[in-house]
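Residue numbers (the working numbering): 18 to 296.
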């Protein structure tokens, strides 16, 4: 059986992506954990390579906040910002094809034992509910009225899950949890401004994976999004955003078959962007 690797945020670092794929076993498969594009040196090249890997059956690509941001820019709902590097995609002859491909990517994936997601899962969600909520957003993105969803996607409220939420408020909470969340309260109220490490979060908040009574505590979770954590192994949680676009590494880690010792899982890394961004 061929190995499967989870891979952290590429963010348009096409040279690092190419180098990493070369280092992986030829018959291996890959799950990219979102933020496929933006801020790196070649978002168009990275996106084309990822699309090719997916269409060949070697990879699947989960969506992150930067990928949704690209969709909103393409739809004319948002303008590019200072550090954005998606203009090459917007000017590409295959722009429409690439955007269509992004719209049909998953928000989370699971084999029943392992969850892969860009940011995280709210403490009230078990594995099945996380995937079901992800599918609600996927349905909205793939619909003919997807631009209406994108126009209602932005915002920090509501910042807490309730099963009674409906419509775009419900989809916004799900989207924020899956693609933006780092810190939350023990009851799952999300905070979106802080991007510090584990010990430096806002008062009253803790990293989402440290929430007590989190219903996915027994699920092995691979996620990206949080570069200040570096390579993280925290009980059943593995963080793989190792700051490729900031001059760090692009990291691939073997996905456990749930029966193996997680400490012995293979890790493969390549150097990140050699001219890292400076805030």
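Ideal placement from N, C-alpha and C gives every residue a C-beta, glycine not left out.
Just so you know, these numbers come straight off a predicted model, no measurement behind them.
Cut-off 6 Å between Cβ atoms - residues of its own chain near residue i, not counting five sequence neighbours on either side
i           : result
residue 51  : 79, 80, 81, 135, 241
residue 173 : 209
residue 17  : The first residue shown for the chain is 18 and the last is 296, placing residue 17 beyond what the model contains.
residue 27  : 34, 53, 63
residue 254 : 226, 238
residue 265 : 259, 289
residue 40  : 285
Cα-Cα separation between residue i and residue j, rounded to whole angstroms
i           : j           : result
residue 38  : residue 32  : 10 Å
residue 84  : residue 53  : 6 Å
residue 112 : residue 103 : 11 Å
residue 92  : residue 155 : 17 Å
residue 287 : residue 170 : 34 Å
residue 96  : residue 190 : 23 Å
residue 196 : residue 86  : 11 Å
residue 105 : residue 216 : 38 Å
Classification of residue i by the beta-carbon crowding that lies within 10 angstroms, buried from 16 upward
i           : result
residue 221 : exposed
residue 193 : buried
residue 181 : exposed
residue 140 : buried
residue 231 : buried
residue 224 : buried
residue 273 : buried
Residues near residue i by beta carbon distance below 7 Å, same chain, minus five either side
i           : result
residue 233 : 132, 138, 142, 143, 144, 147
residue 163 : 120, 157
Whether residue i touches residue j by CB criterion (8 Å)
i           : j           : result
residue 203 : residue 229 : yes
residue 123 : residue 77  : yes
residue 88  : residue 188 : no
residue 248 : residue 256 : yes
residue 125 : residue 61  : no
residue 57  : residue 99  : no
CB contact below 8 Å: residue i versus chain D
i           : result
residue 223 : Among the chains in the structure shown there is no chain D, since it carries only a single protein chain.
So, does the stretch 69-79 touch the stretch 116-124, judging by three or more C-beta pairs under 8 Å? Counting C-beta pairs closer than 8 Å gives three or more between the stretch 69-79 and the stretch 116-124, which meets the contact rule.
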